[in-house]
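Some notes on the structure that comes next.
Residue numbers (UniProt numbering): 1 to 53.
Right, dumping it as structure tokens:
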């Protein structure tokens, strides 16, 4: 679990799902090589990385 500045949080689970509550504002992301991806950007390409809501 990652605490965010606005009081929200983000969690990434071992099964590949994640949940974000509040505004991420660049505080939580994934990277592949030198490319950075925010929550939800990879959902269409990596179904296992989708948010658990």
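Beta carbons: idealized from backbone N, C-alpha and C, even for Gly.
*Nearest-angstrom Cα distance between residue 27 and residue 46?*
Taking the chain shown and counting its residues from 1, the one referred to as residue 27 is at position 27. Taking the chain shown and counting its residues from 1, the one referred to as residue 46 is at position 46. Going by the C-alpha atoms only, they are around 21 angstroms apart.
_Distance check for residue 1 and residue 10, CA to CA, integer angstroms please._
The residue you call residue 10 lines up with position 10 of the chain shown. The residue you call residue 1 lines up with position 1 of the chain shown. C-alpha separation (whole angstroms): 6 angstroms.
_Ordered list of beta strand (DSSP E) runs contained in the region 25-50, each at least 3 residues_ = 30-32 and 35-37
*Please report how far the alpha carbon of residue 19 lies from the alpha carbon of residue 6, in whole angstroms.*
As a working mapping, residue 19 is identified with position 19 in the chain shown. As a working mapping, residue 6 is identified with position 6 in the chain shown. The straight-line gap from Cα to Cα measures roughly 16 angstroms.
*For the beta strand (DSSP E) containing residue 61, list its first residue and its last residue.*
With the chain running from 1 to 53 in the structure shown, residue 61 is simply not present.
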